[in-house]
Amino acid sequence: MNKTRRKTRSSFGATAPPFIDYLKDVLRRYPDGGQILKELIQNADDAEATKVIFIHDERSYGTESLWTGELGKYQGPALYAYNNAMFTDDDWKGIQATGRSVKRNDPNKVGRFGIGFNSVYHITDVPSIFSSGHLGVLDPQEKLFGKGDGGFQWSLADTEDQETLMTLHDQFQPFQDIVALVSEQTWSKVITEDQNFGGTLFRFPLRNEASDISDNLYDSDKVVQLFDSFIADADLSLLFLKNVASVSLIHINTDNSVNVRLEVTCTRSTDVLESGDESTIEGATSFKFITISSEDHKETEKWLVTTCCMKEGNIEKLDSLAKKLCFLPQVALAFPCGEKRDCTDSRLSCFLPLPNNESNKTGLPVYVNACFGLTDNRRHIKWQEEDQKYDEGALWNELLIKEVLPLAYLRILQDAIKLCKDSALPVSSVYDLWPDITQVQHKDKWHAVALDVLHHLFGQNVAVLSLATDERKFVTPSEAVLPCKDLTSPDILAAIKRTLVLCGENLVTLSDCIARAIEEAYPHLNTLRHVTPTFLREVLCRIGLHSISEEDKLSLLEYILSDGKYRELQGLQLLPLSDGTFRSFTDQEEDIAFIDSNEFPRVLLPGCKDLFIPDNLSSPCRTHLKELATKNLFKVLNIDADQVAEYAKRSMMNSYASQRYLFKHDFWPVWISRAVSFSRSLGAKVEQSVRKPGTSLNLWIRVWTLTSEESAS
Numbered sequence: 037m038n039k040t041r042r043k044t045r046s047s048f049g050a051t052a053p054p055f056i057d058y059l060k061d062v063l064r065r066y067p068d069g070g071q072i073l074k075e076l077i078q079n080a081d082d083a084e085a086t087k088v089i090f091i092h093d094e095r096s097y098g099t100e101s102l103w104t105g106e107l108g109k110y111q112g113p114a115l116y117a118y119n120n121a122m123f124t125d126d127d128w129k130g131i132q133a134t135g136r137s138v139k140r141n142d143p144n145k146v147g148r149f150g151i152g153f154n155s156v157y158h159i160t161d162v163p164s165i166f167s168s169g170h171l172g173v174l175d176p177q178e179k180l181f182g183k184g185d186g187g188f189q190w191s192l193a194d195t196e197d198q199e200t201l202m203t204l205h206d207q208f209q210p211f212q213d214i215v216a217l218v219s220e221q222t223w224s225k226v227i228t229e230d231q232n233f234g235g236t237l238f239r240f241p242l243r244n245e246a247s248d249i250s251d252n253l254y255d256s257d258k259v260v261q262l263f264d265s266f267i268a269d270a271d272l273s274l275l276f277l278k279n280v281a282s283v284s285l286i287h288i289n290t291d292n293s294v295n296v297r298l299e300v301t302c303t304r305s306t307d308v309l310e311s312g313d314e315s316t317i318e319g320a321t322s323f324k325f326i327t328i329s330s331e332d333h334k335e336t337e338k339w340l341v342t343t344c345c346m347k348e349g350n351i352e353k354l355d356s357l358a359k360k361l362c363f364l365p366q367v368a369l370a371f372p373c374g375e376k377r378d379c380t381d382s383r384l385s386c387f388l389p390l391p392n393n394e395s396n397k398t399g400l401p402v403y404v405n406a407c408f409g410l411t412d413n414r415r416h417i418k419w420q421e422e423d424q425k426y427d428e429g430a431l432w433n434e435l436l437i438k439e440v441l442p443l444a445y446l447r448i449l450q451d452a453i454k455l456c457k458d459s460a461l462p463v464s465s466v467y468d469l470w471p472d473i474t475q476v477q478h479k480d481k482w483h484a485v486a487l488d489v490l491h492h493l494f495g496q497n498v499a500v501l502s503l504a505t506d507e508r509k510f511v512t513p514s515e516a517v518l519p520c521k522d523l524t525s526p527d528i529l530a531a532i533k534r535t536l537v538l539c540g541e542n543l544v545t546l547s548d549c550i551a552r553a554i555e556e557a558y559p560h561l562n563t564l565r566h567v568t569p570t571f572l573r574e575v576l577c578r579i580g581l582h583s584i585s586e587e588d589k590l591s592l593l594e595y596i597l598s599d600g601k602y603r604e605l606q607g608l609q610l611l612p613l614s615d616g617t618f619r620s621f622t623d624q625e626e627d628i629a630f631i632d633s634n635e636f637p638r639v640l641l642p643g644c645k646d647l648f649i650p651d652n653l654s655s656p657c658r659t660h661l662k663e664l665a666t667k668n669l670f671k672v673l674n675i676d677a678d679q680v681a682e683y684a685k686r687s688m689m690n691s692y693a694s695q696r697y698l699f700k701h702d703f704w705p706v707w708i709s710r711a712v713s714f715s716r717s718l719g720a721k722v723e724q725s726v727r728k729p730g731t732s733l734n735l736w737i738r739v740w741t742l743t744s745e746e747s748a749s
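Each residue of the sequence shown is one higher than the one before, starting from 37 at the first, in this note's numbering.
Laid out in structure tokens, this is it:
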């Protein structure tokens, strides 16, 4: 029998890169900076910690009693991160399973990507962890504990390890000092009595020389920059976390002096508005108070926060992706209730704020948080661009933005109105919540979001517009009377408001932002009622004007004249006269009104002075009335030579009493001189009209003289 000869073959198959190479790749993709602290906060939040403390310790410790001499170079300045939750067995496994997060399949965990903790290798080569019943040191370079050993762990339950932890003073003095600072527990009690540390303390010795992991050196200045980067977003960092309610930044100088640079805390109001069972989403709205304290400053910001989660069974694709990706179909919105912020500040969060770059800015007045699918470096959310059209994370984001965010936005608006009615929120805040179209018009995705929100709002005909008569009462757009869109003076606007409120119209107040939103997104714009001159004339025809003040009547007149539709003034008692009364716009002789000019002043008809419009009437009003008079509408007349002649006869020459009045008040000489002047310039018409037949001008002057003497006597 012939035996088959087997050929010797070289091995073939994919191999994993060395762990150091993996770390280098993570650090290349994953940013240095304040994001490192955020990752540690996320891990603490996942562990249900409520408190996080970062400590920059510039002190150096002894190097005589160490586990191994190689550890001496890591006894210098360090960054510490403490939280008040303990490591579980899974956590101890997870921190060793780099890149294979044990939280990957838990949608309630934030730090589910498995690379967050590795960002600390920007800072250090040898991170160490003290929590629950263990103290462990990680050594990816395998230089401290022997080849093949990537770290070492001591157990507080092991007698030999207890002795080590108690006797190697230099080695564990850094932990002893920080444990006493953050938990006020003595080292000996924790190690020998409790055999358990009720928190988690990370120590990251600052890299002071290049290593196989990184040549990025970290000195005190860099830690200060790290803290500064976090401080820039401190007020946003706790808004959307589930558990962490306090973060502190502490600096310890070489002389052991302790300085709290910053403390930010978050408290939530006890009053919570929750969604009803009939809704397609479940969620809640409450106030959160963010307090930021430093040595010389303390301030508290009030935020309105709404969190909404789409119920299963409403959107099939969203349900399937949620299960596959282990994501929550949840969106949260936060709105600052105090001083109005610029919309350009608002940006995205994935539980903690994403970097403050243009792609993460929305232009909306609310800050948007969701369980987004992020890029590898966690700096941006994914979108369905051409190169990742079928990326499931990008599709997930699109569905969240399209389906869940508008409903969450509608909820925060409706809840804000409820709070406004209870006087817990001013109307200005409710209106500031509306998307401003001008702020998102150059951001295609967010412009579409804003329109979706408005279409949901208007489609459901929600009562969202505040009444002018009582700002805490709201009506739907279809019930409202919208303010005039014309550029009108504040006095006129105020008069219109008082009048419409007086007659029971549903006049609402609108900001420019909301007026633009209605113009752009309301589906039946031509059905809405706006204040126009025509609308106001119709209202004034239905009501009596006796309760409206003289000033308001003059303002209303100017507005209803402004469109030039003079015939629609018929019957309105708004024609002002110099004696303070108002006549109606009619063709009745008793409703006559005169308008004088420089050429024909009112002194020419002193007996008719109460028939003239006021000489202090506004310029637009006077101009329109003069135009109305040229159209022979109603009994409004621009006086000229004919009117002077006719009404002089009627009012001054047929009544001796009128003549005595003229003589007594010295009007007659003026009138005579004007008449003579006009007779010379306009011909004989005026001269003839001011004289009785056969009477000379000298005789009239003599009559005036005799009458004046009689009056004097």
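Positions of the beta carbon are idealized from the N, C-alpha and C atoms, including for glycine.
When the Cα atoms are used, LEU613 and ALA629 turn out to be separated by approximately 7 Å. In the structure shown, the three-state DSSP call for HIS92 is strand. In the DSSP assignment, no residue is bridged to VAL476.
Here the stretch 549 to 564 does not lie against the stretch 593 to 607, with fewer than 3 beta-carbon pairs under 8 Å apart. If you draw a 10 Å sphere on the C-beta of GLN366, you find 16 or more other C-beta atoms in it, and that means buried. VAL476 places its beta carbon less than 8 Å from that of GLY399. The three-state secondary structure of ALA368, taken from DSSP, is strand. In this structure, DSSP gives ASN396 a helical state, which the three-state scheme calls helix. A direct Cα-to-Cα measurement between LYS60 and PRO53 gives close to 11 Å. Just so you know, the alpha carbons of HIS416 and VAL215 end up roughly 36 Å apart. Comparing alpha-carbon positions, the option among ALA320, LEU590, ASP676, GLU220 lying closest to SER525 turns out to be LEU590. Within the same chain, and ignoring the five residues on either side of ASP378 in sequence, no residue has its Cβ closer than 7 Å to its Cβ.
Its Cα nearest to that of ASP251, the residue ASP68 stands out among SER585, GLY184, ALA684, ASP68. Closest option to LEU285, judged by alpha-carbon separation, among CYS302, SER305, PHE618, LEU262: LEU262. Short of 6 Å from the beta carbon of PRO391, and not among the five residues preceding or following it, lie these beta carbons of its own chain, in chain order: ARG415. Contact annotation: TYR110 and ASP206 have beta-carbon atoms that are not nearer than 8 Å. Rounded to the nearest whole angstrom, the C-alpha separation of ILE91 and TYR118 is 8 Å. Counting other Cβ atoms within 10 Å of its Cβ, PRO176 reaches 16 or more and is therefore classed as buried. By the C-beta density criterion, GLY643 is buried, having at least 16 other C-beta atoms within 10 angstroms.
By the C-beta criterion, the stretch 165 to 182 is judged to be in contact with the stretch 227 to 242, since at least 3 inter-stretch pairs fall below 8 Å. In the structure shown, the three-state DSSP call for GLU299 is strand.
According to DSSP, LEU384 shares a beta bridge with VAL404.
By the Cβ rule, the stretch 435 to 449 does not count as touching the stretch 507 to 521, because fewer than three pairs are nearer than 8 Å. The stretch 621 to 639 makes no contact with the stretch 570 to 588, as fewer than three CB pairs between them are under 8 Å. Between the beta-carbon of LEU493 and that of LEU446 there is about 6 Å, and that keeps the pair under the 8 Å contact cut. Distance from the CA of GLY607 to the CA of THR617, rounded to the nearest whole angstrom, comes to 15 Å.
For PHE211, the enclosing alpha helix (DSSP H) covers residues 205 to 219. PHE240 is a Cβ neighbour of ILE159, given a cutoff of 8 Å. Membership of TYR445 in the alpha helix (DSSP H) is indicated by the continuous run 441 to 457. Beta bridge pairing from DSSP links TRP432 with no other residue. Sequence-distant partners of ALA370 (beyond 5 residues in either direction) whose C-beta falls short of 6 Å from its own C-beta, in its chain, are LEU275, TRP339, VAL341, TYR403. If you draw a straight line from the Cα of ASN433 to the Cα of LEU357, it comes to about 10 Å.
In the structure shown, the three-state DSSP call for TRP128 is helix. In terms of Cβ geometry, LEU592 and THR505 do not form a close pair [threshold 8 Å]. Nearest neighbour of ALA486 by Cα position, chosen from TYR558, GLY152, LYS334, ASP127, turns out to be TYR558. Residues PRO176 of the same chain have their beta carbon placed closer than 6 Å to that of PHE55, with the five preceding and five following residues left out of the count.
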